[in-house]
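Visitor: Taken in order, the sequence shown gives residues 1 to 195; the numbers are from the UniProt record's numbering.
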Amino acid sequence: MENLPTAQFHSMTEGTQADWDAIMTHLRPHAQSGGARVLAHLRLLDGDCGGFAVDRLTHCLQTATRAHRDGKPEDYVVMALLHDIGDVLGAYNHPDVAAAILKPFVSDELLWIVQHHGVFQGYNFFQFIGLDRNMRDQFAGHEHYAATQEFIDKYDCPAFDPEYDTLPLSFFEPMVMRLFEYPRASIYKRAMAEG
């Protein structure tokens with residue numbers, strides 16, 4: 001990449017076709033290696049227990065393992081793996097961080113699940129921290145309510161077990177790389193496909 005041309009402008013208003021052609025030669029491989037960067041960020045959860053019985057990475061791995069063993073499709077399993085990736089950067093809004101990362105790559109249903117899993121999981125503990133455990137009820141009747149509840153009940157909620165036979169991150173790495181190679185929806189999708 002170091003021998004590739006670079007843009008010559010110092011302000012976006014000065015960009016030329018040649019500049020943007022140069023930028024795109026860098027952007028395409030960078031974008032297609034997004035899965036590797038996501039995995040590197042996920043590894044930051046390793047060793048951080050946050051008071052739980054397992055560290056945050058193990059929790060994510062257990063959630064994904066349970067979804068995989070239950071026959072969920074690959075994009076669902078990756079969503080399950082990454083649902084708490086935002087814990088490192090967004091202590092107060094980790095579901096939003098995970099949703100922002102996953103948004104170009106997953107269906108509306110999976111995006112909704114990851115975006116709202118914090119409120120749904122809150123049913124199990126909000127009463128202990130001074131919040132309304134029924135906060136999820138505001139979404140009653142939503143088309144993805146039942147799917148989000150299933151995610152919590154079957155995969156996220158029980159994934160704090162130090163004795164569980166959890167699959168290693170290496171098992172999920174190819175799935176992550178495949179999902180993040182090309183977006184389903186992005187304003188840049190057409191530009192990335194050309195060239």
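The beta-carbon is built from N, C-alpha and C at its ideal position, and this holds for glycine as well. On a predicted model such as this, the values are computed, not experimentally measured, just so you know.
Have a look at Ala80 and His144 and give me their C-alpha separation to the nearest angstrom.
Guide: By one-based count along the sequence shown, residue 80 stands at place 80. By one-based count along the sequence shown, residue 144 stands at place 144. Distance between the alpha carbons of Ala80 and His144: 15 Å.
Visitor: Taking Cβ positions, are Phe105 and Pro183 nearer each other than 7 Å?
Guide: For the purposes of this step, residue 105 is taken as residue 105 along the sequence shown, with counting starting at 1. For the purposes of this step, residue 183 is taken as residue 183 along the sequence shown, with counting starting at 1. A contact, by the Cβ cut-off of 7 Å.
Visitor: Could you check whether Asp87 and Arg37 sit closer than 7 Å to each other, using their CB atoms as the reference points?
Guide: Start at 1 with the first residue of the sequence shown, and residue 37 comes out as number 37. Start at 1 with the first residue of the sequence shown, and residue 87 comes out as number 87. For Arg37 and Asp87, no; Cβs fall outside 7 Å.
Visitor: Would you mind reading off the limits of the alpha helix (DSSP H) that contains Tyr76?
Guide: The residue you call residue 76 lines up with position 76 of the sequence shown. It spans Glu74 to Leu82 - the alpha helix (DSSP H) in which Tyr76 sits, taken as one unbroken run.
Visitor: Whose C-alpha, out of Phe151, Arg133, Leu179 and Thr25, is nearest the C-alpha of Lys72?
Guide: On the sequence shown, residue 72 is found 72 positions in, with the first residue counted as 1. Residue Phe151 is the option with its Cα nearest to Lys72.
Visitor: Touching or not, the stretch 130-148 and the stretch 27-43, by the rule of three or more beta carbon pairs under 8 Å?
Guide: In short, these stretches do not touch, since the Cβ pair count stays below three.
Visitor: Below 8 Å CB to CB, which residues in the same chain sit around Asp75 once its five sequence neighbours on both sides are set aside?
Guide: Mapped onto the sequence shown, residue 75 falls at position 75. These residues qualify, in order along the chain: Phe105, Val106, Ser107, Leu110 and Leu179.
Visitor: Please report how far the alpha carbon of Tyr155 lies from the alpha carbon of Ile23, in whole angstroms.
Guide: For the purposes of this step, residue 155 is taken as residue 155 along the sequence shown, with counting starting at 1. For the purposes of this step, residue 23 is taken as residue 23 along the sequence shown, with counting starting at 1. Distance between the alpha carbons of Tyr155 and Ile23: 41 Å.
Visitor: Rounded to whole angstroms, what's the CA-CA distance from Gln138 to Tyr164? Just pull it up for me.
Guide: To locate residue 138, count along the sequence shown from 1; it is residue 138. To locate residue 164, count along the sequence shown from 1; it is residue 164. Gln138 and Tyr164: Cα-Cα distance of roughly 33 Å.
Visitor: What is the DSSP secondary structure of Ile185, reduced to helix, strand or coil?
Guide: Taking the sequence shown and counting its residues from 1, the one referred to as residue 185 is at position 185. First, the amino acid is wrong: residue 185 is Ala here, not Ile. If DSSP states are grouped into helix, strand and coil, Ala185 belongs with coil.
Visitor: Going straight from the alpha carbon of Lys103 to that of Gly118, what length do you get?
Guide: Walking along the sequence shown from the start, residue 103 turns up at place 103. Walking along the sequence shown from the start, residue 118 turns up at place 118. If I take the Cα positions, the gap works out to 17 Å.
Visitor: With a CB to CB cut of under 7 Å and the five nearest residues on each side skipped, what residues in its chain are close to Ala64?
Guide: The count along the sequence shown starts at 1 and reaches residue 64 at position 64. Contacts found: Val77, Ala80, Leu81 and Phe172.
Visitor: Ser107 by DSSP, collapsed to three states: which one?
Guide: Within the sequence shown, the letter at position 107 stands for residue 107. If DSSP states are grouped into helix, strand and coil, Ser107 belongs with coil.
Visitor: Is Glu124 helix, strand or coil when you go by DSSP?
Guide: Residue 124 sits at position 124 when you count from the first residue of the sequence shown. Looking at the sequence shown, residue 124 is not Glu but Asn. Reduced to three states, the DSSP call for Asn124 is helix.
Visitor: Determine the extent of the alpha helix (DSSP H) in which Glu150 is found, giving its start and end residues.
Guide: Within the sequence shown, the letter at position 150 stands for residue 150. Note, Glu150: alpha helix (DSSP H), Tyr145 to Glu150.
Visitor: Judging by CA-CA distance, which residue of Glu181, Arg190, Gln62 and His68 is the nearest neighbour of Pro29?
Guide: Within the sequence shown, the letter at position 29 stands for residue 29. With distances taken between Cα atoms, Pro29 lies closest to Glu181.
Visitor: Assign Phe9 to one of two classes, buried (16 or more other C-beta atoms within 10 Å of its C-beta) or exposed (fewer than that).
Guide: If you number the sequence shown from 1, residue 9 lands on position 9. Looking at its Cβ environment, which holds fewer than 16 other Cβ atoms inside 10 Å, Phe9 is exposed.
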